[in-house]
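Only one structure is covered here, and it is reproduced in the block below.
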Amino acid sequence: WITPNKNVDRINYIHFNVQLLSNYTRTALEAVHQQLSATSLMAFQNRIAVDMLLAEKGGVCSMFAQNCCVFIPNNTAADGSLTKALDGLRSLTDKMKSHSGVDTSMWDSWLDVFGKYKSLVASALVSMSVFAAILVTCGCCCIPCLRQLTQRLITTAISPPPADPIIQMPLLLTNPNIYLGGEPISDSDDSHAEEDDVRV
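Converting from the sequence shown to this note's numbering requires adding 259 to each position, the first position being numbered 1.
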(Lines of atoms letter the chains of each structure in order from A and count residues from 1; the text may use other names and numbers.)
(Lines give C-alpha, C1' and ligand atoms only; values in the text may rest on other atoms or scores of the structure.)
Protein backbone atom coordinates (compact mmCIF):
# COMPACT_ATOMS: atom_id res chain seq x y z
CA TRP A 1 0.00 0.00 0.00
CA ILE A 2 1.17 3.52 -0.80
CA THR A 3 1.04 5.56 2.37
CA PRO A 4 2.40 9.00 3.29
CA ASN A 5 5.10 7.35 5.41
CA LYS A 6 6.32 5.32 2.45
CA ASN A 7 6.39 8.43 0.27
CA VAL A 8 8.40 10.24 2.93
CA ASP A 9 10.85 7.33 3.07
CA ARG A 10 11.25 7.40 -0.70
CA ILE A 11 11.83 11.16 -0.74
CA ASN A 12 14.41 10.82 2.01
CA TYR A 13 16.07 7.97 0.12
CA ILE A 14 16.28 10.02 -3.09
CA HIS A 15 17.54 13.07 -1.21
CA PHE A 16 20.22 11.00 0.51
CA ASN A 17 21.39 9.46 -2.78
CA VAL A 18 21.49 12.86 -4.51
CA GLN A 19 23.70 14.16 -1.70
CA LEU A 20 25.88 11.06 -1.95
CA LEU A 21 26.15 11.47 -5.73
CA SER A 22 27.13 15.12 -5.41
CA ASN A 23 29.81 14.24 -2.87
CA TYR A 24 31.24 11.52 -5.11
CA THR A 25 31.14 13.82 -8.15
CA ARG A 26 32.87 16.62 -6.27
CA THR A 27 35.61 14.26 -5.05
CA ALA A 28 36.12 12.83 -8.56
CA LEU A 29 36.29 16.25 -10.23
CA GLU A 30 38.72 17.54 -7.61
CA ALA A 31 40.99 14.58 -8.33
CA VAL A 32 40.71 15.17 -12.09
CA HIS A 33 41.39 18.86 -11.57
CA GLN A 34 44.57 18.17 -9.64
CA GLN A 35 45.82 15.56 -12.08
CA LEU A 36 44.96 17.59 -15.17
CA SER A 37 46.61 20.72 -13.79
CA ALA A 38 49.81 18.80 -13.05
CA THR A 39 49.69 17.02 -16.44
CA SER A 40 49.23 20.30 -18.32
CA LEU A 41 52.14 21.88 -16.50
CA MET A 42 54.36 18.87 -17.15
CA ALA A 43 53.39 18.78 -20.86
CA PHE A 44 54.19 22.48 -21.18
CA GLN A 45 57.59 22.01 -19.51
CA ASN A 46 58.41 18.97 -21.67
CA ARG A 47 57.44 20.87 -24.79
CA ILE A 48 59.84 23.68 -23.93
CA ALA A 49 62.64 21.20 -23.26
CA VAL A 50 62.03 19.30 -26.54
CA ASP A 51 61.89 22.56 -28.49
CA MET A 52 65.25 23.53 -27.00
CA LEU A 53 66.72 20.16 -27.96
CA LEU A 54 65.31 20.30 -31.49
CA ALA A 55 66.03 23.98 -32.02
CA GLU A 56 68.63 23.22 -34.73
CA LYS A 57 66.03 21.25 -36.70
CA GLY A 58 63.26 23.85 -36.28
CA GLY A 59 61.73 22.49 -33.10
CA VAL A 60 58.89 20.05 -32.64
CA CYS A 61 56.50 21.71 -35.10
CA SER A 62 58.98 21.21 -37.94
CA MET A 63 58.54 17.49 -37.45
CA PHE A 64 54.67 17.44 -37.26
CA ALA A 65 54.00 20.34 -39.61
CA GLN A 66 50.23 21.15 -39.63
CA ASN A 67 49.45 18.59 -36.91
CA CYS A 68 51.61 20.37 -34.37
CA CYS A 69 49.74 21.29 -31.17
CA VAL A 70 50.70 24.66 -29.80
CA PHE A 71 47.80 25.34 -27.37
CA ILE A 72 46.47 23.55 -24.26
CA PRO A 73 43.14 24.81 -22.79
CA ASN A 74 43.81 25.91 -19.22
CA ASN A 75 40.50 24.83 -17.74
CA THR A 76 42.17 24.19 -14.40
CA ALA A 77 43.05 27.86 -13.92
CA ALA A 78 41.34 29.98 -11.29
CA ASP A 79 38.84 31.25 -13.89
CA GLY A 80 38.69 28.01 -15.90
CA SER A 81 35.51 26.11 -16.65
CA LEU A 82 36.49 23.09 -14.57
CA THR A 83 37.32 25.24 -11.56
CA LYS A 84 33.99 27.12 -11.86
CA ALA A 85 32.11 23.82 -12.11
CA LEU A 86 33.84 22.58 -8.97
CA ASP A 87 32.97 25.76 -7.10
CA GLY A 88 29.31 25.44 -8.12
CA LEU A 89 29.28 21.79 -7.06
CA ARG A 90 30.76 22.64 -3.67
CA SER A 91 28.14 25.34 -3.06
CA LEU A 92 25.40 22.92 -4.15
CA THR A 93 26.52 20.23 -1.72
CA ASP A 94 26.75 22.77 1.11
CA LYS A 95 23.24 24.02 0.31
CA MET A 96 21.78 20.50 0.24
CA LYS A 97 23.51 19.74 3.53
CA SER A 98 22.00 22.83 5.16
CA HIS A 99 18.51 21.89 3.88
CA SER A 100 18.82 18.20 4.71
CA GLY A 101 17.00 18.66 8.04
CA VAL A 102 17.20 20.13 11.50
CA ASP A 103 20.31 19.94 13.59
CA THR A 104 19.80 16.87 15.79
CA SER A 105 23.25 16.85 17.37
CA MET A 106 21.78 18.16 20.61
CA TRP A 107 19.81 14.98 21.39
CA ASP A 108 21.83 12.59 19.23
CA SER A 109 24.70 12.94 21.70
CA TRP A 110 22.75 11.42 24.61
CA LEU A 111 20.89 8.95 22.38
CA ASP A 112 24.28 7.40 21.54
CA VAL A 113 24.21 5.92 25.04
CA PHE A 114 21.67 3.33 23.82
CA GLY A 115 24.06 2.09 21.14
CA LYS A 116 22.39 -0.10 18.51
CA TYR A 117 18.98 0.51 20.15
CA LYS A 118 19.21 4.22 19.39
CA SER A 119 16.64 4.18 16.57
CA LEU A 120 14.25 2.03 18.62
CA VAL A 121 14.40 4.40 21.59
CA ALA A 122 13.97 7.42 19.33
CA SER A 123 10.88 5.93 17.66
CA ALA A 124 9.42 5.06 21.09
CA LEU A 125 9.95 8.62 22.32
CA VAL A 126 8.30 10.02 19.19
CA SER A 127 5.33 7.68 19.63
CA MET A 128 4.93 8.72 23.26
CA SER A 129 5.07 12.39 22.28
CA VAL A 130 2.36 11.89 19.65
CA PHE A 131 0.19 9.99 22.14
CA ALA A 132 0.62 12.77 24.71
CA ALA A 133 -0.35 15.37 22.10
CA ILE A 134 -3.51 13.37 21.28
CA LEU A 135 -4.40 13.16 24.97
CA VAL A 136 -3.95 16.91 25.40
CA THR A 137 -6.12 17.56 22.35
CA CYS A 138 -8.85 15.26 23.66
CA GLY A 139 -8.60 16.84 27.11
CA CYS A 140 -9.14 20.31 25.68
CA CYS A 141 -11.88 19.46 23.19
CA CYS A 142 -13.60 16.13 23.80
CA ILE A 143 -13.67 15.84 27.59
CA PRO A 144 -15.71 19.05 28.18
CA CYS A 145 -18.30 17.90 25.65
CA LEU A 146 -18.50 14.45 27.26
CA ARG A 147 -18.84 16.03 30.71
CA GLN A 148 -21.77 18.21 29.58
CA LEU A 149 -23.45 15.20 27.98
CA THR A 150 -22.99 13.12 31.15
CA GLN A 151 -24.44 15.89 33.32
CA ARG A 152 -27.50 16.14 31.09
CA LEU A 153 -28.05 12.36 31.20
CA ILE A 154 -27.75 12.27 34.99
CA THR A 155 -30.09 15.24 35.37
CA THR A 156 -32.64 13.62 33.07
CA ALA A 157 -32.44 10.31 34.94
CA ILE A 158 -32.79 11.81 38.44
CA SER A 159 -35.44 14.47 37.83
CA PRO A 160 -39.08 13.20 37.69
CA PRO A 161 -40.74 13.18 34.32
CA PRO A 162 -43.05 16.08 33.61
CA ALA A 163 -46.72 15.29 34.25
CA ASP A 164 -49.07 15.33 31.31
CA PRO A 165 -52.13 17.50 32.21
CA ILE A 166 -54.34 15.52 29.87
CA ILE A 167 -53.96 12.24 31.75
CA GLN A 168 -53.99 13.73 35.25
CA MET A 169 -57.07 12.81 37.31
CA PRO A 170 -58.37 15.23 39.95
CA LEU A 171 -58.31 14.11 43.55
CA LEU A 172 -62.03 14.84 44.03
CA LEU A 173 -64.57 14.10 41.33
CA THR A 174 -67.50 16.46 41.72
CA ASN A 175 -69.18 15.25 38.54
CA PRO A 176 -67.94 11.74 37.62
CA ASN A 177 -70.31 11.33 34.67
CA ILE A 178 -68.23 13.79 32.67
CA TYR A 179 -65.28 11.33 32.71
CA LEU A 180 -67.46 8.23 32.29
CA GLY A 181 -69.10 9.41 29.11
CA GLY A 182 -72.58 10.01 30.63
CA GLU A 183 -74.70 13.04 30.85
CA PRO A 184 -73.70 15.59 33.45
CA ILE A 185 -75.90 15.65 36.55
CA SER A 186 -76.87 19.09 37.67
CA ASP A 187 -76.97 20.17 41.30
CA SER A 188 -80.75 20.69 41.14
CA ASP A 189 -81.35 17.07 40.06
CA ASP A 190 -79.21 15.86 42.96
CA SER A 191 -81.22 17.93 45.43
CA HIS A 192 -84.54 16.59 44.07
CA ALA A 193 -83.29 13.03 44.32
CA GLU A 194 -82.24 13.57 47.91
CA GLU A 195 -85.70 15.01 48.74
CA ASP A 196 -87.44 11.98 47.22
CA ASP A 197 -85.29 9.68 49.33
CA VAL A 198 -86.15 11.59 52.45
CA ARG A 199 -89.87 11.45 51.68
CA VAL A 200 -89.77 7.70 51.19
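Positions of the beta carbon are idealized from the N, C-alpha and C atoms, including for glycine.
Let's test the definition: count the other Cβ atoms within 10 Å of the Cβ of residue i and tell me whether it reaches 16, buried, or not, exposed.
| i | result |
| --- | --- |
| threonine 262 | exposed |
| cysteine 401 | exposed |
Helix, strand or coil for residue i? Go by DSSP, reduced to three states.
| i | result |
| --- | --- |
| glutamate 289 | helix |
| alanine 302 | helix |
| histidine 358 | coil |
| alanine 344 | helix |
| isoleucine 270 | helix |
| asparagine 264 | helix |
| aspartate 338 | coil |
| threonine 372 | A quick correction: the sequence has valine, not threonine, at residue 372. Reduced to three states, the DSSP call for valine 372 is helix. |
State the Cα-Cα distance for the pair residue i and residue j, rounded to the nearest angstrom.
| i | j | result |
| --- | --- | --- |
| threonine 352 | valine 267 | 21 Å |
| lysine 354 | serine 340 | 21 Å |
| leucine 405 | valine 380 | 35 Å |
| aspartate 371 | serine 378 | 10 Å |
| isoleucine 307 | arginine 285 | 33 Å |
| serine 382 | glutamine 410 | 40 Å |
| glutamate 315 | alanine 344 | 43 Å |
| methionine 322 | phenylalanine 303 | 18 Å |
Less than 7 Å between the beta carbons of residue i and residue j, yes or no?
| i | j | result |
| --- | --- | --- |
| valine 319 | valine 329 | no |
| isoleucine 331 | serine 299 | yes |
ask   = Looking at C-beta atoms only, is the number of pairs between the segment 327 to 343 and the segment 287 to 298 that lie closer than 8 Å three or more?
value = yes
The segment 339 to 354 in contact with the segment 277 to 286 per 3-pair CB rule at 8 Å = yes
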